[in-house]
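Residue numbers (the working numbering), protein chains in the order written: chain L, 39 to 291; chain A, 39 to 291.
Ideal Cβ placement from N, Cα and C applies to all residues, glycine included.
On a predicted model such as this, the values are computed, not experimentally measured, just so you know.
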DNA sequence: GAGGTATACTTCCATATAGAAGTAAAACCT
DNA sequence: AGGTTTTACTTCTATATGGAAGTATACCTC
């Protein structure tokens with residue numbers, strides 16, 4: 039909007055509101071971010087020094103530091119000790135896609151239907167992934183997530199079978215999938231590995247998802263570990279490519 | 039490794055190294071994270087209060103706060119005012135896939151080959167995306183990224199044609215694609231929108247990428263805006279599904 | 001017992017201060 | 001002129017302190 043020809047046009051600088059419910063350091067970070075977004079400081083250029091900001095906004099040095107730390111965490115600026123603080127350029131490599139919109143699908147009118155659950159003897163690959171012996175028994179489950187009665191996600195997976203801990207029933211409950219996403223379900227899981235792939239759907243997958251071949255889809259593979267670093271589950275979410283899309287933004291605003 | 043039966047087994051607690059090159063607050067965060075990872079505090083459980091940590095580790099209150107802030111930023115714990123700090127459970131929805139391994143492909147033996155570049159009159163969709171009038175001219179480019187002389191990525195896109203600014207030549211340079219990722223190229227871009235899709239490759243895409251149909255692939259759509267919030271480019275990266283995979287981890291360690 | 005009050009906790013915010021450590025350029029000496 | 005030292009900046013760490021604000025519980029009053 040504001041036409042700035044190139045000079046350091048003194049921008050309208052909102053002041054810190056001492057009575058705001060927002061902390062001062064957040065306010066200051068917002069101000070700076072907004073100034074950068076308005077073009078007052080271009081990528082590569084240097085921000086006023088911290089001492090300068092202290093004088094300008096009448097706040098303590100530590101408060102300024104916190105504000106700038108916020109901006110560095112948000113990938114807006116970089117700081118190099120002894121030189122100054124500089125505005126970062128947008129970089130595609132910093133983009134990150136999160137699964138929040140996938141998670142959103144569960145909140146709606148989602149129903150999980152158990153297609154199959156049975157014991158299987160682990161083949162070579164499964165045994166390796168679950169760190170058990172070939173031939174040992176594991177639980178194989180297949181589930182279908184329906185949204186508005188339409189198939190949305192197909193989930194297959196192997197679970198460790200531990201006779202001492204009857205986690206079987208709880209793992210088969212319909213709420214477990216949702217719990218995986220929001221973290222309400224599994225206090226015994228310590229970490230997980232995820233990988234995502236674009237692939238052609240198999241006949242079985244297409245049939246269950248009710249799409250015609252050939253079709254492209256997502257394959258979200260996941261493996262979870264307990265606090266002894268032993269695998270507890272391994273599986274995939276499969277989804278038709280048209281039914282799901284990842285979105286993200288980079289840069290300011 | 040360590041067998042803990044359930045009691046609060048007093049963990050081996052490393053002390054703060056005052057002469058370390060690592061800051062105290064980072065050390066403290068590492069210690070706490072490691073203790074959580076070892077099972078000393080389970081998801082949902084409460085961490086020792088800040089005052090307690092001050093006494094235990096002989097550091098100032100502000101230093102403890104910084105350490106805990108680090109952990110909340112890293113999704114390890116949550117804090118609620120007046121109650122305490124609690125260990126977070128792993129949640130799938132918090133997973134984020136970044137494009138760093140995509141970026142890594144550029145560093146190697148990557149060559150960008152310009153397939154085509156010409157003026158086109160904008161159709162309805164292009165005009166809408168670039169916020170120009172239908173029939174106005176834009177630049178249409180097609181590029182192919184070769185890695186070890188094998189086609190890896192196919193890129194198509196539209197660029198705003200601005201006769202006053204001869205950005206044309208620079209945009210066509212081979213280094214621009216790489217610059218997009220690491221941020222070395224574009225101080226005039228303020229923000230971008232990205233979306234990712236799994237789809238069947240078209241005949242043209244398959245031919246250029248030298249794969250046989252039917253094939254599934256990634257479609258990474260991107261749109262960039264300048265500091266006046268006007269679009270400057272719109273395009274897609276297309277990649278065969280077998281040649282690229284997204285990885286990420288959640289939880290600890 | 002019900003409801004309000006006091007109290008003892010918790011996380012959070014902002015301040016002032018004192019110094020460490022890095023950078024760059026000016027000042028100085030040989 | 002060339003190399004070294006000093007100086008003046010920068011970010012960064014860690015400290016101590018004082019208070020605000022939220023939460024849960026014990027306790028007293030009615």
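Within chain A, partners of residue i - CB distance below 7 angstroms
i, result
"residue 120 (chain L)", "Neighbours of residue 120 (chain L) on chain A: none; closest Cβ ~16 angstroms, over 7 angstroms."
"residue 173 (chain L)", "Going along chain A, no residue has its Cβ under 7 angstroms from residue 173 (chain L), so there is no contact; the nearest lies around 27 angstroms."
"residue 284 (chain L)", "233, 234"
"residue 137 (chain L)", "130, 131, 133"
Cross-chain neighbours of residue i in chain L, by beta carbon under 7 angstroms
i, result
"residue 231 (chain A)", "287"
"residue 82 (chain A)", "225"
"residue 265 (chain A)", "77"
Partner residues on chain L for residue i, Cβ-Cβ distance less than 9 angstroms
i, result
"residue 200 (chain A)", "Within chain L, no residue comes near residue 200 (chain A); the closest Cβ sits about 17 angstroms away, beyond 9 angstroms."
"residue 238 (chain A)", "238, 252, 253, 254, 279"
"residue 111 (chain A)", "111"
C-alpha gap between residue i and residue j, whole angstroms
i, j, result
"residue 282 (chain A)", "residue 163 (chain A)", "29 angstroms"
"residue 80 (chain L)", "residue 264 (chain A)", "11 angstroms"
"residue 199 (chain L)", "residue 60 (chain A)", "43 angstroms"
"residue 188 (chain A)", "residue 262 (chain A)", "28 angstroms"
"residue 58 (chain L)", "residue 68 (chain L)", "13 angstroms"
"residue 90 (chain L)", "residue 290 (chain L)", "24 angstroms"
"residue 229 (chain L)", "residue 107 (chain L)", "28 angstroms"
"residue 92 (chain A)", "residue 64 (chain A)", "15 angstroms"
"residue 182 (chain A)", "residue 165 (chain L)", "40 angstroms"
"residue 152 (chain L)", "residue 126 (chain A)", "28 angstroms"
"residue 196 (chain L)", "residue 171 (chain L)", "14 angstroms"
"residue 231 (chain L)", "residue 75 (chain A)", "16 angstroms"
"residue 103 (chain L)", "residue 145 (chain L)", "39 angstroms"
"residue 266 (chain L)", "residue 73 (chain A)", "13 angstroms"
"residue 88 (chain L)", "residue 99 (chain L)", "7 angstroms"
"residue 270 (chain A)", "residue 201 (chain A)", "13 angstroms"
"residue 194 (chain A)", "residue 240 (chain L)", "29 angstroms"
"residue 97 (chain L)", "residue 86 (chain A)", "32 angstroms"
"residue 249 (chain A)", "residue 245 (chain L)", "25 angstroms"
"residue 280 (chain L)", "residue 280 (chain A)", "19 angstroms"
"residue 120 (chain L)", "residue 120 (chain A)", "39 angstroms"
6 angstroms Cβ shell around residue i - same chain, five flanking residues per side excluded
i, result
"residue 259 (chain L)", "233, 274"
"residue 84 (chain L)", "122, 124"
"residue 133 (chain L)", "286, 288"
"residue 226 (chain L)", "264"
"residue 247 (chain L)", "189, 192, 278"
"residue 173 (chain A)", "159"
Nonlocal neighbours in the same chain, by C-beta distance under 8 angstroms from residue i, ignoring five residues either side
i, result
"residue 257 (chain A)", "234, 235, 236, 237, 274, 275, 276"
"residue 56 (chain L)", "62"
"residue 53 (chain L)", "95"
"residue 243 (chain A)", "192, 255, 276"
"residue 175 (chain L)", "157, 158, 159, 160, 199"
"residue 135 (chain A)", "284, 285, 286"
"residue 154 (chain A)", "178, 179, 180"
Inter-residue CB distance, residue i and residue j (contact presumed, cutoff 8 angstroms)
i, j, result
"residue 177 (chain L)", "residue 157 (chain L)", "6 angstroms"
"residue 184 (chain L)", "residue 149 (chain L)", "5 angstroms"
"residue 70 (chain L)", "residue 105 (chain L)", "7 angstroms"
"residue 115 (chain L)", "residue 109 (chain L)", "5 angstroms"
"residue 111 (chain L)", "residue 139 (chain A)", "That belief does not hold up - the Cβ atoms of residue 111 (chain L) and residue 139 (chain A) are roughly 22 angstroms apart, past 8 angstroms."
"residue 101 (chain A)", "residue 130 (chain A)", "With 8 angstroms as the limit, residue 101 (chain A) and residue 130 (chain A) do not qualify as a contact, their Cβ atoms being about 33 angstroms apart."
Proximal residues of chain A, C-beta to C-beta of residue i below 9 angstroms
i, result
"residue 162 (chain L)", "Under the 9 angstroms cutoff, chain A gives no residues; its nearest Cβ is about 22 angstroms from residue 162 (chain L)."
"residue 195 (chain L)", "Per Cβ cutoff of 9 angstroms: no residues; residue 195 (chain L) is ~13 angstroms from chain A at best."
Proximal residues to residue i (C-beta, below 7 angstroms), its chain only, five neighbours per side dropped
i, result
"residue 268 (chain A)", "169"
"residue 186 (chain A)", "147"
"residue 113 (chain L)", "126, 132"
"residue 252 (chain L)", "238"
"residue 143 (chain L)", "185, 190"
"residue 167 (chain A)", "261, 269, 272"
"residue 82 (chain L)", "124, 125, 127"
Closer than 8 angstroms: residue i CB and nearest the ligand FMN heavy atom
i, result
"residue 281 (chain A)", "Summarising the ligand content, the structure contains no ligands, and the ligand FMN is consequently not present."
Proximal chain A residues relative to residue i, where beta-carbon distance stays under 8 angstroms
i, result
"residue 290 (chain L)", "228, 229"
Interface partners of residue i on chain L, CB under 8 angstroms
i, result
"residue 272 (chain A)", "Per Cβ cutoff of 8 angstroms: no residues; residue 272 (chain A) is ~14 angstroms from chain L at best."
"residue 141 (chain A)", "130, 131"
Can you list, in chain order, the stretches of the alpha helix (DSSP H) that have 4 or more residues and sit fully within the stretch 80-165 of chain L?
88-95, 99-111, 138-145
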